[in-house]
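Asks:
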Amino acid sequence: MDAYSGYNQISMDKDDKNHSSFITEGANYMYNVMSFGLWNTGATYQRMINKVFRNEIWDMLKVYMDDMIVKSTKEYQHKVHLEPIFTRVHQYNMCLNPDKCTFRVKAGKFLWFYLIERVIKAILDKCRDILAM
């Protein structure tokens, strides 16, 4: 699953809005939600995700930034595992990108890896530069 515009789902703290202000020819602006270019945006987003899904991470959920994988060993367990994830998504008003969400797959790409059943394999095209070093 993919969180839709992940950083933009975090509201800026009222006191921090002034620190995110910028000026254009026509007006002054400040961010209402966290912007990609702000300092520590990635760490803040990852910390939020870790807190929201603290009970599910490492049990049935793997998360890296806005990408999430719900894993189940048995097919009938998958629906049971998805339920608390969707509950948390709804509870915290998060949005998922339906174009990037896939369910009930036995294999797939995640970052630079293929996930196949219980095996993780590197995608060599993506890792070529590191291997060349």
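Just so you know, the numbering used here puts 36 at position 35 of the sequence shown, and the rest follows in order with no gaps.
Glycine included, every Cβ here is placed at the ideal spot set by N, Cα and C.
Could you tell me the alpha carbon to alpha carbon distance between E26 and D16, rounded to whole angstroms?
Replies: For E26 and D16, the distance between alpha carbons rounds to 25 angstroms.
Asks: What is the residue span of the alpha helix (DSSP H) that I50 lies within?
Replies: Looking at the DSSP string, the run of the alpha helix (DSSP H) that includes I50 is 42-53.
Asks: Measure how close the beta-carbons of Y1 and I24 come, nearest whole angstrom, since I'm counting them as under 8 angstroms.
Replies: Only positions 2 to 134 of the chain appear in the structure, and residue 1 is not among them; the question remains open.
Asks: With DSSP as the reference, please indicate the residues paired to A28 in a beta bridge.
Replies: Paired residue(s): none; A28 is not in a bridge.
Asks: Looking at L83 and V64, is the spacing between their C-beta atoms short of 8 angstroms?
Replies: Cβ distance not < 8 angstroms, so V64 and L83 don't count as in contact.
Asks: Measuring alpha carbon to alpha carbon, tell me which of I86, D60, G38 ends up nearest T74.
Replies: When each option's Cα is compared against that of T74, the closest is D60.
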